[in-house]
Structure formats: C-alpha cells, structure tokens
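In my numbering, the protein residues as written are 93 to 430.
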Ligand code: FAD
Ligand code: EPU
C-alpha cells in the first residue's frame, strides 16, 4: 500500500485550510485498509480517518497518518413488504447516494439532500436536516477495528445515536473505520414537509402530487439560498450545535426578546437555535478579512481564502465567550477540531 509523505490537505477539507499531513494513504476496500493498519507507520502514529473533510477544522499540521476512505459501491441488499435495504460503501459521496436512492424510488433520505461528505461519516454525528436524521432510516453498519483489523456489525441500538451524536464520537471514539452503511428505506414514501420552509418552497412549485424528488428539490433550493457552497467559500456547515437549555434560561431570554425561537424538548428543556443567538449578539456577517461569520446563516463560520485553522478556532472561542456572557448559554462546537 502506497503511503505518501508531507501531503497538503487543502483540497481534502471544505474549510480549505492549508495544513499538511505527515503521512497520507487511501484505501478502496477492506483488505486494503487491513493491510494499511498493519504497517508500522500506521501502528506508530495517530490516525485520522477522512471522508469528504466537511466536518473538520485543521488547526495545525497533522503529525500522523490520514487514511482516506474510497470504498465505493451501492447495492440493494434486501427487501421486505415495506422496505428496501440499501448498502453503500463508506467512500460514496453522500449526495450522490441520496440521488441514487431517489432515482430508484427508495424513500427516506430526500430531506438529507445536498449534505456534503461521504456515506461512511454519516453515522458519526447522525447527520440530520429538515426534520430527518439518519437514525430514522439506519439499519446497520460494518466497521473495522483500527487495532486488530476485526470487522464488526453495529445495529441501531449499538450506535447510540443522539442529536449530532453517536457512540463513535464518545465511547468508541477513534476505534473504528466505518466500511459501509445499510439503510432501511421505504417502498411507500412518508413525506416530511412540516419542517421550516419546505411547505412554502413546495407551494411555489405548484404541484398536484408531491414526490420524494420534489421534497429533495425543495430542500436543495432552501439549502442553496442559505448555506455557502464550499467550492466557493470555505466552511464546514454549522460550526456549533443548537444548545438545549433549561426552560428558565429560555424564559429569561424571552423577557428581553419575546419572539425568541425555541423548540421544547421536554417539560424542562428547550432547544434554542444557536444561529439566532449569534445573530442577536451581533456576529452575523462579521468580516475579519480572511475569515468571518456567514452573512446568511450566523451558525456558519467561513474562510474567505487563506485563513488558518487557528484563526477560525479563535473566532469560535470569541463567539462562545460572548454568547455565554450575553445569554448564559455555553455553545458547543459541532465541527471536529484537529
Ligand atoms: P469528515 O469531515 O471527513 O469527517 C468527520 C469525522 O468523521 C472525523 O472525525 C473523521 O475522522 C470521521 N470519519 C469520517 N469518515 C469515517 C469513517 N468511514 N469511519 C470512521 N470515522 C470517519 N451535517 C449535518 O448533520 N446536517 C447538515 O445539514 C449539514 N450541512 C452541511 C452543509 C455544509 C455546507 C457543510 C460544509 C457541512 C454540512 N454538514 C452537515 C456537516 C458534514 O457535511 C457532515 O458532518 C458529514 O457527514 C461529514 O462527512 P465527511 O465525509 O466530510 O466527514
Ligand atoms: N436563525 C437566525 N439567524 C441565523 C440563522 C438561524 O435567527 O443567522 C434562526 C431562525 O429563527 C431559524 C432558526 O434559527 O428559524 C433555525 O435556522 P435553520 O433552519 O437555518 O437551521 P439551524 O438550526 O441553524 C440546523 C442544523 C443544520 C441543518 C438545518 C436544517 C444544527 C447545528 N444545524 O441549522 O445542519 O441543515 O438545521 O435542518 O443542528 C450542520 O449540521 O452542519 C447543518 C448545516
């Protein structure tokens, strides 16, 4: 297996940060990965499993080995009365996989259209958008242990999915390489059009019969109007999670802003959109020269070109401090800091 040295990661992360990897290797099947994991260079150094690099902030050169997942292939692996079981290699591009499912009328992923990255990373933070998370359609995944090369199957329970959470970010962090993921998709679509402006967007299309393709188009239109295209402006989507806060804190915010958005989680807790907090604190559209806060979505930090990961990290720390002092809410970063 070919291990390269001193490779720039600029084209391998959507922030476009020009950090280097000491070692870099790609694998396109599980045997190739097993071979790489046995090599001395891999054993002796820290590993970074890389998909599309769309949820990473590189704050320094990576003094270890980057292992890039290029396992391709999508197949229909099972069927029952209600479902199709569709398995995808971890290196498939997520959006292309979603489009493949829509073309074949496998329903359930349409709300997750246009999320950057690879299929193998989708369970890491249980990706979600527009009222759907992958846990809603997840069946199982296969992963290889980085220490002994053993392959294990993980079912829904074992993945311990939560909001932007899974066992792979917690108890099993850095232990597994996700090889492939199987989704349980629907033969008869159940459309989720209640979230945000999907309904409005569909109304504009003036349709008699809404299909999963239409929902996907609506999601793509909304996303394209708010989120920066990483090919044009470096970013990693939402930089922070939406915080879940005790209801007293939310009520306190409402005393000063009676239209403050909030979504009840239970009787004691409310999820508050971090984008709203950041906008209210005056950060939206803030331009620091080479980097800043996106002007259409305050939750997205951007690299206009040439910023370092550290500059963006420092900006995120300033925002966290400011939100803490203004709202008594501690924001948590969603992006993985390397
Ligand atoms: P990477 O950034 O390459 O990796 C992310 C993490 O997963 C790293 O810790 C990495 O080591 C690990 N990892 C990657 N692949 C594997 C593997 N095969 N096995 C084990 N570990 C692995 N996310 C959402 O949830 N919802 C959104 O709506 C959304 N919108 C976005 C919009 C934009 C414009 C951007 C840039 C990002 C957005 N994201 C969103 C974040 C991101 O797209 C997702 O988190 C995506 O799943 C990351 O995939 P990736 O392949 O790029 O992962
Ligand atoms: N808002 C503002 N100002 C802003 C941005 C948002 O006031 O600049 C408020 C508005 O009240 C809006 C609410 O926040 O109604 C929610 O905004 P939006 O629908 O854009 O969603 P979000 O909460 O900011 C989350 C996810 C996104 C996902 C969208 C759509 C997180 C951390 N982010 O964003 O995921 O695409 O919902 O479902 O949960 C990602 O994880 O990278 C990501 C982009």
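In this text, a Cβ means the ideal position worked out from N, Cα and C, and glycines have one as well.
{"Query": "Neighbourhood of residue 147 by C-beta, 8 Å cutoff - its chain only, sequence neighbours within 5 removed", "Result": "209, 213, 216, 217, 328, 329, 426, 427 and 428"}
{"Query": "Secondary structure, alpha helix (DSSP H): runs of 4+ residues fully inside the stretch 229 to 281", "Result": "248 to 251"}
{"Query": "Pairwise C-alpha distance: residue 396 and residue 325", "Result": "6 Å"}
{"Query": "Own chain partners of residue 164 with C-beta closer than 8 Å, once the 5 adjacent residues on each side are dropped", "Result": "120, 181, 183 and 184"}
{"Query": "Complete runs of the alpha helix (DSSP H) confined to the stretch 117 to 169 [at least 4 residues]", "Result": "122 to 130 and 132 to 136"}
{"Query": "Beta-carbon proximity of residue 199 to residue 278, cut-off 8 Å", "Result": "yes"}
{"Query": "Residue 390 beta carbon near the ligand EPU (any heavy atom closer than 7 Å)", "Result": "yes"}
{"Query": "Integer-rounded CB distance, given that residue 236 should sit under 8 Å from residue 125", "Result": "6 Å"}
{"Query": "Start-end ranges of the beta strand (DSSP E) lying completely within the stretch 293 to 364, minimum 3 residues", "Result": "326 to 330, 336 to 338 and 361 to 363"}
{"Query": "Of the residues 301, 308, 107 and 123, the one placed nearest residue 331, counting alpha carbons only", "Result": "107"}
{"Query": "Spatially closest choice to residue 141 from 354, 223, 149 and 158, by CA coordinates", "Result": "158"}
{"Query": "Contacting residues, own chain, Cβ-Cβ under 7 Å from residue 376 (five flanking each side not counted)", "Result": "370, 385, 387 and 390"}
{"Query": "Residue from 288, 281 and 109 whose Cα sits closest to the Cα of residue 302", "Result": "281"}
{"Query": "Alpha-carbon to alpha-carbon, residue 123 and residue 261", "Result": "25 Å"}
{"Query": "Nearest neighbour of residue 308, chosen from 340, 293, 267 and 321 [CA to CA]", "Result": "293"}
{"Query": "Collapsed DSSP secondary structure at residue 399 in the structure displayed", "Result": "coil"}
{"Query": "Run of the alpha helix (DSSP H) containing residue 371, from where it starts to where it stops", "Result": "366 to 372"}
{"Query": "Nearest neighbour of residue 290, chosen from 195, 205 and 352 [CA to CA]", "Result": "205"}
{"Query": "Cβ shell of residue 355 (< 7 Å), same chain only, five flanking positions each side left out", "Result": "362 and 363"}
{"Query": "Local conformation of residue 187 per DSSP, three classes", "Result": "helix"}
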